[in-house]
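For reference, the structure discussed in these notes is given below.
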Amino acid sequence: AVAVDLAAELGQKAAKDGSLVPARGLVIESTFTSLGDVATAMANTSLPVRWLLSQKFDSIDKIREINMPLLVVHGAADRYVPPRLSEQLFNAALEPKRLLLVPGATHNNSMNLAGSTYRQALEALMKAGPSPVAGHPPTSPAKAG
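In C-alpha cells:
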C-alpha cells in the first residue's frame, strides 16, 4: 500500500514537471485494495470495522493513476490478505502489468516458492523502459556508435 502511494506521488510529480517517472516499474507483493477491505476480510463480520481505521490506504483508487510497468505478486495460500484483493488491484491497473499468483505460497514466502518464475518476472519488469507522462511521447534510447 505504501509503495502504491509513493508510485502515485512520483507520477503526479512527473506530470507536473513534464518529465519521465523516475522508476522502471512497481512491484507489489501480498497487497490489497484498501486497508478497510483487509480489516473487513480479517474480522469476518458485517460490522463496519473500516470506520475504526485512522489510515485508509485506498490503493484501488491510486493504482489507476500509476503509469509504469507493474508486477503484482501474491501467495495463493495467504491467510492474512486474501489474494482476491491483489487480483482486484491488478484488474484496475493500467498496462503493462503482470499478475503472479504463487501456488502454495503464504503471505511472506512468494519469492522463495516462485523461484525462477519470480526472477523472470522481475527481469522483464526491469527491461521495460521508463513510462512516458501523459501528453509526452516516450523517449527513444540513444544509439551507440
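full-length UniProt numbering applies: residue 1 is where the sequence shown begins, and numbers increase by one. Note that beta-carbon positions come from the ideal geometry of N, C-alpha and C, so glycine has one too. Computed from a prediction, not measured in an experiment: that's the story for all the values here.
Close-in-space but distant-in-sequence residues of the same chain around residue i (CB under 7 angstroms, 5 per side omitted)
i: Lys143; result: At Lys143, the pLDDT of 42 sits below 50, so the modelled position is not reliable and the matter cannot be decided from this model.
i: Ala128; result: Arg24, Gly25, Pro69 and Pro96
i: Asn109; result: Gly75
Residue i in three-state terms, based on DSSP
i: Val4; result: helix
i: Leu20; result: coil
i: Pro137; result: Confidence at Pro137 is low in this model, with a pLDDT of 43, below 50, so the placement of that residue is unreliable and no value is reported for it.
Cβ neighbours of residue i in the same chain (closer than 6 angstroms, five flanking residues each side left out)
i: Leu70; result: Leu26, Ala93 and Lys97
Counted within 10 angstroms of its Cβ, other Cβ atoms place residue i as buried (16 or more) or exposed
i: Val2; result: exposed
Beta-carbon proximity check, residue i vs residue j, cutoff 8 angstroms
i: Ala77; j: Ala105; result: yes
i: Ile66; j: Ala14; result: no
Query - 3-residue-minimum beta strand (DSSP E) runs that sit fully inside the UniProt domain "Serine aminopeptidase S33" (62–108), ordered along the chain - result: 70–75 and 97–102
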